[in-house]
Amino acid sequence: MESLLIKPGAVDFSVIPDVPADTFVAPLVRPGHLGEDWLEPQQRQYTTEEHAIWDDLFAQQMDVLPGRAASSFMAGLDRLDLGRGGVPDFGALSEELQAITGWSVVPVPMLIPDHVFFYHLANRRFPAGNFIRSREEFHYISEPDVFHDVFGHVPMLTDPVYADYMQEYGRAGWKALAYNRLKALSALYWYTVEFGLIREADGIKAYGAGILSGPLEAKFSVEAQSPNRIHLEVDRVMRTDYVISDMQPTYFVIDSFEELYRKTVERNFDDLYRALTPGFTYSNQAVLGGDKVYHLGTQEYANRGGKGSGARPV
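According to this note's numbering, the sequence shown is numbered sequentially starting from 12.
Written as structure tokens, this is what we have:
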């Protein structure tokens, strides 16, 4: 069976993939001191104020996440002790993570190109921004920083099934590049790794880093009346547009990480990519006839204009 991956043995995942000439990737400029892997030689040294910003962000999130964050995330946060004070040392964090699921955390200066990101994930390395937001950007930062990347993403990498999903997602990038369908694969990442929800015995919880690293969306995603909450189907998600700089009109829900792994890694992505158009088919507010809907949103927040209008999340 063809899967999310290219045929086993057909690709050397230890080498950064080439980008086909007709495949668009973001035109990022690599800083001159970095190699093709975009890795910083070492994690930067943070100032006392920058360490204090981490501590304040951590305290803010711990006020809102209990009861709203997935149990796997809370367990990972505990296991890695990310609240021990200041920005975590990537070396020490990687040693702990390696012992649990074989992952490491590596420093990058900024957003990195898709094909380089895939390469690191495929080799169980999570690239984390080497900088932290300022006080002026405390509540929102346009580019992922060390708090979003380490606090938001890394605890989930202690879950063995989720950790495997992330590696397979990286390997999936080779096929998306070959078919020029990065946009569709990005939607899958967006609605799972960044903004995914999971059903647990006591309700729907958040496991996506974009939700867990900010206080408003942690409440909005699982409690608000405005957004839709729909069961995740891979084909549907990869055809669905998403919002980059505001809260999502729709969230997709899984029953377990085993289900997420099975629905993606076992999917025949060759047929899916051949059927996909370059753009998205469904709007980010759409509810389809075949959707399993847990909550039909009012869409009041989005319809009022979202953050830019001063609308209150409801």
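Virtual Cβ for every residue (Gly too), placed ideally from N, Cα, C.
Distances from the alpha-carbon of V248 to those of R90, A235, E234, F263 put F263 closest. Assigned with DSSP and collapsed to three states, N134 falls in coil, not helix or strand.
In the DSSP assignment, T59 falls outside any beta strand (DSSP E) and within the unbroken alpha helix (DSSP H) covering 59 to 75. In the three-state reduction of the DSSP assignment, G214 falls in the strand class, which pools E and B.
Check the Cα spacing between M85 and each of N314, M167, H62, R135: the tightest is with M167. Going by DSSP, V276 is part of the alpha helix (DSSP H) stretching over 268 to 276. Cβ atoms of P28 and W201 stay farther apart than 8 Å, at about 21 Å. When the five nearest sequence neighbours on each side are left out, the beta carbons in the same chain lying within less than 6 Å of the beta carbon of G221 are those of E205, F206, in order along the chain. Closest in alpha carbon position to V116, among P124, H126, F24, V98, is V98. Within its own chain, the residues whose Cβ lies closer than 7 Å to the Cβ of W49, once the five positions on either side in sequence are excluded, are R41, V119, I123, V127, listed in chain order.
The beta carbons of L223 and G181 sit no closer together than 7 Å. Per the coordinates, the alpha-carbon of D302 lies some 23 Å from the alpha-carbon of E228.
Using a Cβ distance threshold of 7 Å, Q296 and P260 count as a contacting pair. Taking C-beta atoms under 8 Å as the contact rule, L193 and N239 fail to qualify, at a distance of about 25 Å.
Short of 6 Å from the beta carbon of H159, and not among the five residues preceding or following it, lie these beta carbons of its own chain, in chain order: S224. The beta carbons of T169 and I111 sit closer together than 7 Å. Taking every protein chain shown into account, the CB of Q178 has 16 or more other CB atoms within 10 angstroms, so this residue is buried. Residues of the same chain with a CB within less than 8 Å of the CB of Q54, apart from the 5 flanking positions on each side, are D100, F101, G102, P118, N141 in chain order. The beta carbon of I64 is closer than 6 Å to those of I143 in its chain, skipping five residues each way along the sequence. Annotation for Y305: the continuous beta strand (DSSP E) segment containing it runs 304 to 306.
By DSSP's assignment, S115 forms a beta bridge with R136.
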